[in-house]
Structure formats: C-alpha cells, structure tokens
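Asks: Pasting a structure below so you can have a look.
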Amino acid sequence: MSQERKPQLSTLVVHAGTDRGQWTGAASVPIYMASTFHQRDIDEGQVYDYSRSGNPTRHAAEEAIACLEGGTRGFAFASGMAAMSTCLALFSAGDHLIVAQDIYGGTYRILDKVWTRFGVETTFVDTTDLEAVIAAVRPNTRGLILESPSNPTLAVTDLAGCAALARERGWLTIADNTFMSPCLQKPLELGIDIVVHSATKFLAGHSDLISGCVVVGDEELGKRIGFLQNAFGNILSPHDSWLLLRGMKTLAVRMAASQQGARQLAAFLNNHPKVSRVYYPGLDNHPGYGIHNRQASGPGAVLSFDLGSRAAVKQFFSRVKLPIVAVSLGGVESILSYPTTMSHAAMEPEERIRRGIGPGLIRLSVGLEDPDDLQADLAEALDGLE
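Going letter by letter, the sequence shown gives residues 435 to 820 in the numbering used here.
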C-alpha cells in the first residue's frame with residue numbers, strides 16, 4: 435500500500451497491533467505469560483523488565499487501540515472503571531470537575547462516593563447545553579468529563595464545542611467513547627484530550643473479557659497516564675490483552691452489522707403502541723440528531739426504550755427469547771439491560787428520575803442475530819403485554 439493512501443478503519447482493525455511474528459511469522463501476537471524479563475545489562479534500560487510496567491502482548495493491544503483512535507499512546511487496564519479512575523487521578527484535592535449528568539453509573543459512583551473523600555469536587559450538568567456547562571464553571575474547575583451518546587438515555591453532547599470551551603480555560607477533557615467505538619466516532623479529532631473505553635463492550639465484543647482502554651493525543655499527557663498506570667498497577671493481563679486484540683480484529687464488521695440491526699429495531703419500536711419513547715440518535719426525532727451526525731459516522735448499536743412501568747419491564751423480560759437479560763453491552767449476542775437495577779443501581783432513585791432513567795426504561799444492545807428474528811421476538815413479547 436502506498437504511503438499516500440491512508441488505510442480504512444476496517445483494514446486497521448485487522449492489522450493494528452500485530453507484528454507478524456518477527457522470528458516465526460505468526461499471524462497472532464504471542465501471549466507472553468511472563469511476570470519478569472532477564473536484564474541483559476543492569477546499566478542499560480530495556481523495553482520490558484516487569485509486566486506491571488510493560489508486557490509485549492499488552493503493548494500490542496495498547497498500540498492497536500491508539501492506532502484506531504488516532505492517538506499517540508494507548509493504555510490497557512483491568513476494567514473500564516480502572517481506566518476511568520486512572521484518568522481521574524490526574525486531578526488533585528481542591529480541583530473541581532464538570533461532568534455530564536448522564537454519565538455511566540459507575541463513573542457517577544466513584545465521583546460522588548469516592549473522589550469526594552480526596553477533595554475533588556464534581557458538578558453534574560446537562561452537557562448537551564453548553565450554556566449549562568458555562569454556568570457551572572468555578573475558579574477551581576480543572577476538567578470536563580463527557581459521554582456521548584450517554585448511557586442509557588443516548589443524550590448527545592457537542593464534543594467539539596465542549597473541547598473548544600475547555601481549551602480556552604486550560605481544562606482537561608475526557609470522553610467515554612464506549613458506545614460508538616473508534617469505528618463511528620473519534621473524540622481526539624474533535625479536540626478531546628483523553629478517550630476512555632470500557633473495552634469489555636464493543637472493542638472485545640464477545641462477552642468473555644473485562645477490560646478498559648485509554649488513548650491520548652498528547653505525548654506528555656501520555657507520560658502522565660503511563661506513570662499512573664504503573665503506579666496503580668491496574669493493568670490488563672497478557673491473556674486478556676490477547677483476547678482484546680482478537681476481538682478488535684472483527685470490530686468493524688461487528689459494528690456495521692449490529693448498527694444495521696439497531697436502526698431497524700429502533701424504527702420498529704418507535705412505532706409500537708406499547709412503547710412510550712425510544713432513545714436512539716439514528717431517529718430524526720432525537721434532539722441530538724444533527725449534532726451526532728456531524729461528529730459521528732453512525733448512530734451505533736445501542737438504544738433504549740420505555741415501557742412505562744417496572745411491571746411491564748418484568749413481563750417483557752419474561753417473554754423475550756433471543757436477547758439475554760444481563761449487565762453489559764456490545765457482545766455478539768443482543769443484551770437487554772434494566773438500568774434501574776443494573777448500570778445505574780448505584781445512583782440514588784431521585785437522581786435516576788431526574789436524568790430520565792425511569793422504572794420503565796430498558797437498554798438494548800443489538801448483537802449479530804438476524805434483525806428480522808430479533809424484531810419478531812420483540813414484537814411477540816410486546817404484543818403480549820397486559
């Protein structure tokens with residue numbers, strides 16, 4: 435391939451992070467199950483010395499996600515929350531953070547219940563409204579934490595607008611890109627400083643791995659994250675790094691197929707009489723439809739819909755046959771989740787309601803089943819609701 439032509443992402447996901455076995459030509463990166471490495475000369479540094487600080491398999495996974503997001507450095511962690519927590523450790527006692535009110539429940543929990551003990555203040559605001567972000571500014575504001583589309587109400591934040599606002603004031607910006615993946619959205623290109631993924635979800639894609647990733651565009655910021663990763667030790671194991679690499683090789687085709695199914699199911703649910711509301715940025719009645727289309731190349735494979743009551747949700751869950759009812763998303767199988775008791779269980783009931791997470795809200799991550807089969811299954815379950 436000529437140097438002038440930039441590979442498409444569907445090509446990058448197959449080849450990023452692979453070394454074609456320098457000595458063997460192997461198509462798969464080896465799993466280096468080593469805790470330590472022989473020091474050839476104690477006076478000369480070497481790339482690998484102890485696997486907490488660096489491991490060849492994890493390094494390959496980190497290079498791969500950095501390549502896909504268009505960053506300079508990538509980091510692989512033991513979970514999405516390990517990744518986010520490490521980024522939050524960039525802030526110090528006395529700092530104030532402005533955070534999207536629709537942020538993932540685990541991020542809300544650590545900011546509201548843990549980081550406050552270390553003197554970091556947080557204001558949760560509707561980041562879809564830039565004026566609301568500006569109104570929350572304090573003299574000690576140091577960071578802006580975003581998620582777009584948000585979990586689970588799929589609210590869309592203007593990432594470029596927020597990044598510009600933050601840059602003017604010298605804040606760090608962090609964006610959770612889990613729902614979109616680098617296939618559909620590149621926050622670094624929009625001016626965001628740090629991108630975080632729960633790699634458990636679409637990046638790994640097979641519901642068999644817990645992992646998290648961070649990507650930065652700035653080398654100096656990468657050194658700071660690298661220091662914290664090593665200091666905390668929240669690393670991804672060599673075997674899990676290999677699983678993540680394997681999962682990412684099919685990311686582009688999985689996202690394309692799942693998104694196609696999500697478009698069909700969102701349209702179906704949007705017209706069903708038993709569904710009071712559908713949250714999906716691919717619907718032209720979504721309030722963030724225009725902004726999302728400017729900053730992302732597709733609406734993704736996750737949607738939420740409201741059945742009005744907890745009783746209806748329980749009845750619906752008891753009738754569906756194809757999707758599993760579980761925590762998580764982004765797997766090859768479709769997954770139905772109930773945010774009230776799953777992803778946002780840590781959030782106080784009044785806070786959930788204020789954020790639009792009512793007792794009838796269901797989140798659906800569309801997998802790789804035939805969309806017609808999924809639609810028939812959902813239709814049968816909905817039509818039987820009392």
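For every residue, glycine included, the Cβ atom is placed at its ideal position computed from N, Cα and C.
Less than 7 Å separating the beta-carbons of Thr575 and Ala534?
Replies: If you number the sequence shown from 1, residue 575 lands on position 141. If you number the sequence shown from 1, residue 534 lands on position 100. Going by C-beta atoms, Thr575 is not nearer than 7 Å to Ala534.
Asks: In this structure, how does DSSP classify Tyr713 when only helix, strand and coil are distinguished?
Replies: Taking the first residue of the sequence shown as 1, we reach residue 713 at position 279. If DSSP states are grouped into helix, strand and coil, Tyr713 belongs with the strands.
Asks: Can you give the Cα-Cα distance for Gly801 and Arg486, rounded to whole angstroms?
Replies: Within the sequence shown, residue 801 is the residue found at index 367, counting from 1. Within the sequence shown, residue 486 is the residue found at index 52, counting from 1. Spanning the two alpha carbons is a distance of roughly 34 Å.
Asks: Assuming Val554 and Asp529 are in contact, meaning their beta carbons sit under 8 Å apart, how far apart are those beta carbons, in whole angstroms?
Replies: Within the sequence shown, residue 554 is the residue found at index 120, counting from 1. Within the sequence shown, residue 529 is the residue found at index 95, counting from 1. Yes, Val554 and Asp529 are in contact; Cβ-Cβ is about 5 Å, under 8 Å.
Asks: Which residues in the same chain as Lys683 place their Cβ atom closer than 8 Å to its Cβ, once the five residues preceding and following it in sequence are excluded?
Replies: For the purposes of this step, residue 683 is taken as residue 249 along the sequence shown, with counting starting at 1. Same-chain partners within the cutoff: Val447 and Val448.
Asks: With 16 other CB atoms within 10 Å as the buried threshold, where does Gly459 fall?
Replies: For the purposes of this step, residue 459 is taken as the residue at position 25 of the sequence shown. Exposed: under 16 other Cβ atoms inside 10 Å.
Asks: Identify, in the order they occur along the chain, each residue of the same chain with its Cβ nearer than 6 Å to the Cβ of Asp610, setting aside the five sequence neighbours on each side.
Replies: Here residue 610 refers to the residue found at position 176 of the sequence shown. So the list reads Glu581 and Val630, once near-sequence residues are dropped.
Asks: Please classify Leu770: does DSSP put it in a helix, a strand, or coil?
Replies: Here residue 770 refers to the residue found at position 336 when the sequence shown is read from its first residue. Correct three-state label for Leu770: strand.
Asks: With a threshold of 7 Å on Cβ separation, who are the neighbours of Arg601 within its own chain once the five nearest residues in sequence on each side are excluded?
Replies: The residue you call residue 601 lines up with position 167 of the sequence shown. Contacts found: Gly625.
Asks: Contact between the region 650-662 and the region 693-700: three or more CB pairs below 8 Å?
Replies: As far as the Cβ criterion goes, the region 650-662 does not touch the region 693-700, which means the pair count is below three.
Asks: Are Trp605 and Leu578 touching if we call contact CB-CB under 7 Å?
Replies: The residue given as residue 605 occupies position 171 in the sequence shown. The residue given as residue 578 occupies position 144 in the sequence shown. In this structure, Leu578 lies closer than 7 Å to Trp605 by Cβ.
Asks: State the start and end residues of the unbroken beta strand (DSSP E) segment that holds Gly681.
Replies: Walking along the sequence shown from the start, residue 681 turns up at place 247. Per DSSP, Gly681 belongs to no beta strand (DSSP E); it is in the alpha helix (DSSP H), Pro672 to Met682.
Asks: Quick one: give me the first and last residue of the alpha helix (DSSP H) that Ile568 is part of.
Replies: In the sequence shown, residue 568 corresponds to position 134, counting from 1. Element bounds for Ile568: Leu564 to Ala569.
Asks: Applying the 10 Å Cβ sphere with the 16-neighbour rule, what's the burial state of Gln480?
Replies: Here residue 480 refers to the residue found at position 46 when the sequence shown is read from its first residue. Under this definition Gln480 is an exposed residue.
Asks: Compare the Cα-Cα distances from Ile499 to each of Leu522, Leu637 and Gly540 and report the closest residue.
Replies: Walking along the sequence shown from the start, residue 499 turns up at place 65. Among Leu522, Leu637 and Gly540, the Cα nearest to that of Ile499 is on Leu637.
Asks: Since Arg789 contacts Asp483 with CB under 8 Å, what's their CB separation in whole angstroms?
Replies: On the sequence shown, position 355 is the one that residue 789 refers to. On the sequence shown, position 49 is the one that residue 483 refers to. The pair is not a contact, with the Cβ atoms about 46 Å apart (cut-off 8 Å).
Asks: Please state the DSSP three-state secondary structure of Gly625.
Replies: Here residue 625 refers to the residue found at position 191 when the sequence shown is read from its first residue. Reduced to three states, the DSSP call for Gly625 is coil.
Asks: Hey, out of Gly794, Thr774, Arg797 and Ser738, whose CA is closest to Arg786's CA?
Replies: Taking the first residue of the sequence shown as position 1, residue 786 is located at position 352. The residue with the shortest Cα to Cα distance from Arg786 is Thr774.
Asks: With DSSP as the reference, please indicate the residues paired to Ile544 in a beta bridge.
Replies: Position 110 of the sequence shown holds residue 544. Bridge partners of Ile544: none, in fact.
Asks: State the DSSP-derived secondary structure class of His726, mapped to helix, strand or coil.
Replies: Sequence index remark: in the sequence shown, residue 726 carries index 292 (1-based). Reduced to three states, the DSSP call for His726 is helix.
Asks: To the nearest angstrom, how far is it from the Cα of Leu717 to the Cα of Gln749?
Replies: Against the sequence shown, residue 717 aligns to sequence position 283. Against the sequence shown, residue 749 aligns to sequence position 315. Looking at the two C-alpha atoms, the distance is approximately 26 Å.
Asks: Among Glu814, Pro721, Pro793 and Glu438, whose alpha-carbon lies nearest the alpha-carbon of Pro583?
Replies: Taking the sequence shown and counting its residues from 1, one reaches residue 583 at position 149. The shortest C-alpha separation from Pro583 is found at Pro721.
Asks: Taking Leu737 and Tyr772 to be in contact with their CB atoms under 8 Å, please state how far apart those CB atoms are, rounded to whole angstroms.
Replies: Translated into the one-based positions of the sequence shown, residue 737 becomes position 303. Translated into the one-based positions of the sequence shown, residue 772 becomes position 338. Their Cβ separation, rounded to whole angstroms, is 14 Å, which puts Leu737 and Tyr772 out of contact at 8 Å.
Asks: Indicate the three-state DSSP secondary structure (helix, strand or coil) for Ser738 in the structure shown.
Replies: As a first step, residue 738 is located in the sequence shown; it is residue number 304 there, counting from the start. Residue state, collapsed to three classes: strand.
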